[in-house]
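Data first, discussion second: the structure below is written as structure tokens.
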Ligand code: ADP
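Residue numbers (the numbering used here): 1 to 398.
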């Protein structure tokens with residue numbers, strides 16, 4: 001945290017969800033966090049507004065009925081606590097947008113045509129793009145002079161080749177309906193790849209990386225020369241590796257089979273795949289990795305099995321990406337689990353030494369940035385992701 005200074009360019013990074021709005025205010029280009037906060041339970045009489053003020057967290061509960069109100073209260077909060085003195089100190093607002101489809105290969109300055117396209121892409125991301133667009137409109141209204149930039153979760157992966165983004169369905173499902181792999185978490189994969197190269201002291205352009213973003217939602221990304229060449233999430237963020245409550249990839253014919261056996265409708269199947277599966281579904285304990293690890297350490301066999309499956313499915317993807325990349329220079333762990341779970345990192349790296357990936361237990365336990373054995377060919381990096389900073393950087397770049 002730093003004290004605000006009006007001589008700095010202040011940039012807001014915004015992550016709007018259906019009932020929440022997360023924000024971070026940066027001084028750029030110094031990349032100092034001036035404040036951060038969250039408005040939760042938007043739409044309710046007892047919404048909660050939390051914000052850091054002079055190093056302390058303040059929290060208020062009161063009605064916030066719309067995203068427009070949330071934005072107004074956030075800006076009023078910044079003024080009331082003298083974090084800013086005038087609204088025009090905020091030079092830019094970067095918005096996390098879930099889906100950029102094939103239209104956006106990079107972050108863009110928002111104009112009416114871009115906003116219309118984000119609305120249109122709500123077809124592919126009905127739970128996310130519409131709320132992202134509501135957040136954008138609210139800020140355009142409140143801060144008409146600030147530069148507005150959209151940063152898409154999908155755009156980093158637009159560099160994938162067709163053989164990696166197409167599904168072997170009849171081609172018209174791609175050409176007419178846009179059914180293909182898009183991938184998500186792009187901002188995070190891009191950020192940790194850049195930091196990893198910096199920490200290795202090598203140009204990103206020379207590196208073959210596999211990035212593992214492991215949180216409630218998890219995805220892997222194969223990165224060659226700083227470009228995404230494959231990623232495990234697909235048409236939706238439900239695909240790929242096992243997650244907290246999501247199954248990830250399964251035999252597709254399980255769905256019609258289960259639907260018929262239990263008379264399930266598409267909405268039931270979505271709930272099954274999204275909310276009832278993954279670590280939660282197998283362990284029966286929790287979607288939260290900490291809870292599952294605790295249960296496993298107390299002898300819960302299904303919790304132990306859930307963790308083994310989680311690691312095994314990630315390891316399988318790592319292997320396939322190394323095959324695609326023709327080798328690997330560094331494996332990156334990030335996200336809540338990747339950054340914090342030593343045991344999960346160790347489990348994932350088990351049996352990979354024939355590929356040059358050998359984890360050093362003492363470095364891993366000491367939470368060092370590089371945790372490979374000194375003689376290992378492949379670096380293993382633990383890097384804290386920072387999607388908000390990446391958004392602020394993109395506002396400056398765009
Ligand atoms: P999201 O995808 O919601 O952004 P995060 O990246 O914050 O999620 O990751 C949340 C996950 O990280 C949870 O499963 C949580 O249990 C796990 N996690 C956080 N800290 C630890 C820890 N010390 N050990 C194991 N898992 C952890």
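The beta-carbon is built from N, C-alpha and C at its ideal position, and this holds for glycine as well.
Leaving out the 5 sequence neighbours to the left and right, which residues in its chain are closer than 7 angstroms to residue i when beta-carbon positions are compared?
i, result
"residue 274", "238, 245, 246"
"residue 65", "43"
"residue 226", "193, 204, 205"
"residue 114", "108, 150"
"residue 180", "165, 166, 167, 174, 235"
"residue 351", "none"
"residue 88", "145"
"residue 131", "16, 17, 18"
"residue 460", "Only positions 1 to 398 of the chain appear in the structure, and residue 460 is not among them; the question remains open."
"residue 393", "none"
Between residue i and the rest of its own chain, which residues show a CB-CB distance below 8 angstroms, the 5 nearest in sequence each way excluded?
i, result
"residue 369", "199, 381, 382, 383"
"residue 5", "Confidence at residue 5 is low in this model, with a pLDDT of 43, below 50, so the placement of that residue should be treated as unreliable; the coordinate-derived value is given next. Result list for residue 5: 27, in chain order."
"residue 286", "279, 280, 292, 295"
"residue 220", "210, 211, 212, 213, 231, 232, 240, 241, 314, 317, 318, 321"
From residue i to residue j, what does the alpha carbon distance come to, in whole angstroms?
i, j, result
"residue 144", "residue 94", "14 angstroms"
"residue 255", "residue 277", "13 angstroms"
"residue 364", "residue 260", "47 angstroms"
"residue 321", "residue 82", "49 angstroms"
"residue 136", "residue 120", "15 angstroms"
"residue 158", "residue 102", "7 angstroms"
"residue 127", "residue 367", "36 angstroms"
"residue 162", "residue 77", "47 angstroms"
"residue 389", "residue 26", "8 angstroms"
"residue 371", "residue 202", "18 angstroms"
"residue 134", "residue 358", "47 angstroms"
"residue 8", "residue 146", "Residue placement at residue 8 cannot be trusted, given a pLDDT of 48 that sits under 50; what the coordinates show is reported in the next sentence. Whole-angstrom Cα-Cα distance: 14 angstroms."
"residue 427", "residue 299", "Outside the shown range of the chain (1 to 398) lies residue 427, about which nothing can therefore be said."
Can you name the start and end residues of the beta strand (DSSP E) that residue i belongs to?
i, result
"residue 120", "Where residue 120 is concerned, there is no enclosing beta strand (DSSP E), although the alpha helix (DSSP H) it sits in stretches over 112-120."
"residue 15", "9-16"
"residue 24", "21-28"
"residue 214", "208-214"
"residue 51", "44-53"
"residue 152", "147-152"
"residue 95", "90-97"
"residue 382", "379-382"
In the DSSP assignment, find the unbroken alpha helix (DSSP H) run with residue i in it and report its ends.
i, result
"residue 342", "342-349"
"residue 190", "186-200"
"residue 136", "129-142"
"residue 41", "It is not in any alpha helix (DSSP H) - residue 41 carries neither H nor E in the DSSP assignment."
"residue 293", "289-297"
My output table needs one value for residue i: the three-state DSSP class, helix, strand or coil.
i, result
"residue 222", "strand"
"residue 1", "Note that residue 1 scores a pLDDT of 43, beneath 50, so its modelled location is shaky and nothing firm can be said."
"residue 181", "coil"
"residue 329", "coil"
"residue 235", "coil"
"residue 58", "strand"
"residue 6", "Confidence at residue 6 is low in this model, with a pLDDT of 43, below 50, so the placement of that residue is unreliable and no value is reported for it."
"residue 254", "helix"
"residue 263", "coil"
"residue 398", "coil"
"residue 37", "strand"
Looking only at its own chain, which residues have a Cβ that is under 6 angstroms from the Cβ of residue i, when we skip the five neighbours before and after it?
i, result
"residue 2", "Residue placement at residue 2 is poorly supported in this model, since its pLDDT is 42, which falls under 50; the coordinates are not used for a value here."
"residue 283", "292, 302, 303, 306"
"residue 104", "152, 155"
"residue 349", "357, 359"
"residue 45", "63"
Worksheet entry | Neighbourhood of ligand 2 [Cβ distance below 5 angstroms to any heavy atom], ordered by chain position | In the structure on display, ligand 2 does not appear, and the ligands it does have are ligand 1.
Worksheet item: Three or more beta-carbon pairs under 8 angstroms between the segment 161-177 and the segment 224-237, yes or no?
Response: Output reads yes: the segment 224-237 touches the segment 161-177.
Worksheet item: Between the segment 6-20 and the segment 95-103, do three or more beta carbon pairs fall short of 8 angstroms?
Response: yes
Discussion item. Quick check: the segment 178-198 against the segment 328-337, are at least 3 beta-carbon pairs closer than 8 angstroms?
Written reply: yes
Worksheet item: Taking three-plus beta-carbon pairs below 8 angstroms as touching, is the segment 306-326 in contact with the segment 182-192?
Response: no
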